[in-house]
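Working notes for the structure below.
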Amino acid sequence: MQFDFSTNPIPAPALTLGASTLNLFFSTKLLGVIVGNKLSWHAHIKNVTLYAAAAQIPRVPAHELTSIFKILPKLIYASPVWSSCLTAIQLNRLKKTQKRAIKIILGSTNTTYNVTLATLHLTTFADHYAATLGQFGSKLLNQPRHRDLLSL
70 MQFDFSTNPI
80 PAPALTLGAS
90 TLNLFFSTKL
100 LGVIVGNKLS
110 WHAHIKNVTL
120 YAAAAQIPRV
130 PAHELTSIFK
140 ILPKLIYASP
150 VWSSCLTAIQ
160 LNRLKKTQKR
170 AIKIILGSTN
180 TTYNVTLATL
190 HLTTFADHYA
200 ATLGQFGSKL
210 LNQPRHRDLL
220 SL
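Sequential numbering from 70 applies to the sequence shown in this note's numbering.
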């Protein structure tokens, strides 16, 4: 994969390894996170929202759906890596996916998004990402090899 941030990308040189020519990819999956050649998260957000949409099962009782609600872990996987770089459009796409799942779980209700989240004991994505980043930073700073960073 070649990282290129220009509007007019430079053609990549043909790379060979032995008798094989290596293919150029515009994105790659590393530890379950898709990274684009412009270091954007468009492909990752698209992938997790498509997965979440496929996992939503209508006509199942709400209490069962809530207990098997497996969409959120997929949507927030490795969020300390990418959540601080999300655009408003990408965050909105994740929020819409969560809203769609909630609508299937609770049926058609006329409550607000925040009331619905409170009913299901969920947080907004922004709040969840902030908490996750805080936990990640705290754990990182409490590691013995990083204790010297606390004195800065």
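Cβ coordinates follow ideal geometry from the N, Cα and C atoms, glycine included. Just so we're clear, the structure is a prediction, and the values are computed from it rather than from any experiment.
Report yes if the CB atom of residue i is closer than 9 Å to the CB atom of residue j, and no otherwise.
{"i": "C154", "j": "S96", "result": "no"}
{"i": "L141", "j": "L186", "result": "no"}
{"i": "I103", "j": "N116", "result": "yes"}
{"i": "Q71", "j": "A81", "result": "yes"}
{"i": "K107", "j": "F74", "result": "yes"}
Please classify residue i as buried or exposed, where buried requires at least 16 other C-beta atoms within 10 Å of its C-beta.
{"i": "V184", "result": "exposed"}
{"i": "L210", "result": "exposed"}
{"i": "T166", "result": "buried"}
{"i": "F194", "result": "buried"}
{"i": "Y198", "result": "buried"}
{"i": "I171", "result": "buried"}
Alpha carbon to alpha carbon, how far is residue i from residue j?
{"i": "S148", "j": "R169", "result": "21 Å"}
{"i": "Y120", "j": "A88", "result": "37 Å"}
{"i": "L160", "j": "T201", "result": "15 Å"}
{"i": "G105", "j": "R214", "result": "32 Å"}
{"i": "T156", "j": "R216", "result": "33 Å"}
{"i": "L144", "j": "I173", "result": "17 Å"}
{"i": "T180", "j": "I158", "result": "23 Å"}
Enumerate in chain order the residues of its own chain whose CB-to-CB distance from residue i is below 7 Å, with the five nearest sequence positions on each side excluded.
{"i": "F205", "result": "P149"}
{"i": "R162", "result": "I114 and T118"}
{"i": "Y182", "result": "K168"}
Which one of the options has the shortest CA to CA distance from residue i?
{"i": "L175", "options": "T166, L163, L189 and R162", "result": "L189"}
{"i": "D196", "options": "P213, K164, S207 and K172", "result": "K164"}
{"i": "G101", "options": "D217, A157, R162 and W151", "result": "W151"}
Here's a check: name, in chain order, each residue in its chain whose Cβ is nearer than 8 Å to the Cβ of residue i, leaving out the five neighbours to either side.
{"i": "T85", "result": "L91"}
{"i": "Y146", "result": "G101, V102 and V117"}
{"i": "H111", "result": "G105 and Q159"}
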